[in-house]
Structures are given as C-alpha cells and as structure tokens.
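Asks:
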Amino acid sequence: VLATPQVSAGNVTFDEGHDGTVPGMVPIVLSNQSVEPVTVRYATADKSAVAGADYVAASGELTFTPGITRIDVPVGIIGELVAEANEAFEMQLSGVTGGVLTATSNGNVVIRDDDPPDIFIEPTATVVEGNVGSKNVALVVTMSQTDADNVAVDFVAIERSLFQECVGQGCHRRAVRDHG
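Numbering-wise (the working numbering), the sequence shown opens with residue 20 and increments by one.
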C-alpha cells in the first residue's frame, strides 16, 4: 500500500534577462507515486514581483497519472534593463484530490536581477600642479541607472586610491589630494 502523496511546488531561481520573455519551469512534485490520479490547481501570486511587469501570471490544473511524480509548469520571466533588487512570486497550490497539501506546499520563485548599472567617471577634472602644498580634485562619478543595492567603485588616480559609493541616485565622493 502506497502512502498518500504530498503535493508541493519547487523553490526555483531564474535570471531576469534583458528583454522579451524568458521561459522558466516550476516543478510540481508528488512525494511518492500514486496508484490513482492526483489533481491539483496552481496559480502564481505576487510577492515583490508583479505579474505583467516582472513575470507572466500562470494558473491551471494538473493531473498526475499513476507513476508520474513531477510535472513542470511554464512561467514567463519578463526581461528588463533596470538594475533592482531580486524579486519573488509564489506558486500556490490548492484543490488537491488524491493527495495532500502541507504547510510548505507552495513554492517560492526568485527572479534574479542581472542588470548592474554602468559606472562613469567624467573626464573633466584638471589640476594646475604647484611646487608647494596640496590641492583637492573633485571627480564626478555617475551611474547609468539607480540600484537598490550599494554599488562600490574602487579606482586609482594619480597613484592614490579614490573610493566612490552610490546608493540609489545619491553618491558620496572623496577628494584626491595632489601632492605637488
């Protein structure tokens, strides 16, 4: 005698992509085979990801025939060029017959952002070198787009390190000293 199968959706991560819709497959699995058909309804639900903007909503009903323990559900991941934090949605299961759902039956789907911002150092800083003392030079460092995470840039100027940190659209600058 086979145990009543538990039905669950897998936890998966997909890269976002840059344009169009990238196909992703979310596995729906039975804990063990069944001698009778098992049916379950599934539907995506927004968390930090939004249907229509970040992914293509999906819903329907699956039937596991005897001997089958996995069915992959296709979900479209919508690509974009905006740097942002990873986002997530849920694959929710309901209405099971011939099996059972558990507290952890729903699956978490993470859309991994793959769009880091471009960093630009504007070549407008000039210094008239002197023979005594030091002078400050302010360099302008910009990002092509906002980013939800901290972005750090290390680079060398006149054999001195300059550290630039940008959070969102705000940047903190440190001056480079020219010891001439």
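Backbone N, C-alpha and C fix where the C-beta goes; we use that ideal spot for every residue, glycine too.
Tell me the rounded alpha-carbon separation between T161 and V170.
Replies: In the sequence shown, counting from the first residue as 1, residue 161 sits at position 142. In the sequence shown, counting from the first residue as 1, residue 170 sits at position 151. Approximately 11 Å between the Cα atoms of the pair.
Asks: Does the Cβ of T3 have 16 or more other Cβ atoms within 10 Å, making it buried, or fewer, making it exposed?
Replies: With the chain represented from 20 up to 199, any question about residue 3 goes unanswered, as that position is not in the structure.
Asks: Quick check: the Cα distance between L158 and G95, rounded to an integer number of angstroms?
Replies: Stepping through the sequence shown from its first residue, residue 158 is reached at position 139. Stepping through the sequence shown from its first residue, residue 95 is reached at position 76. About 42 Å.
Asks: If you scan the region 92 to 116 from start to end, which runs of the alpha helix (DSSP H) of 4 or more residues do you find wholly inside it?
Replies: DSSP runs (the alpha helix (DSSP H)) wholly in the region 92 to 116: none.
Asks: Give the straight-line distance between the Cα atoms of I177 and V147, rounded to the nearest whole angstrom.
Replies: Here residue 177 corresponds to residue number 158 of the sequence shown, with the count starting at 1. Here residue 147 corresponds to residue number 128 of the sequence shown, with the count starting at 1. For I177, the predicted model reports a pLDDT of 49, less than 50, meaning its position is unreliable; a value from the coordinates is still stated below. If you take the alpha carbons of I177 and V147, they lie about 13 Å apart.
Asks: Kindly indicate which residue of G117, P85, V75 and L112 has the alpha-carbon position closest to the one of I130.
Replies: Along the sequence shown, one-based indexing puts residue 130 at 111. It is V75 whose Cα lies nearest to the Cα of I130.
Asks: Cα separation between V69 and G98?
Replies: Taking the sequence shown and counting its residues from 1, the one referred to as residue 69 is at position 50. Taking the sequence shown and counting its residues from 1, the one referred to as residue 98 is at position 79. Their backbone Cα atoms lie some 13 Å apart in a straight line.
Asks: Going by CA-CA distance only, name the one from A22, F33 and V92 that's closest to V48.
Replies: Against the sequence shown, residue 48 aligns to sequence position 29. For V48, the nearest C-alpha among the options comes from V92.
Asks: Go ahead and pull the three-state DSSP assignment for V45.
Replies: As a first step, residue 45 is located in the sequence shown; it is residue number 26 there, counting from the start. V45: strand per DSSP, three-state reduction.
Asks: Leaving out five residues before and five after N105 in sequence, what residues of the same chain have Cβ atoms less than 6 Å from its Cβ?
Replies: Sequence index remark: in the sequence shown, residue 105 carries index 86 (1-based). Only V129, R131 and D132 meet the Cβ criterion.
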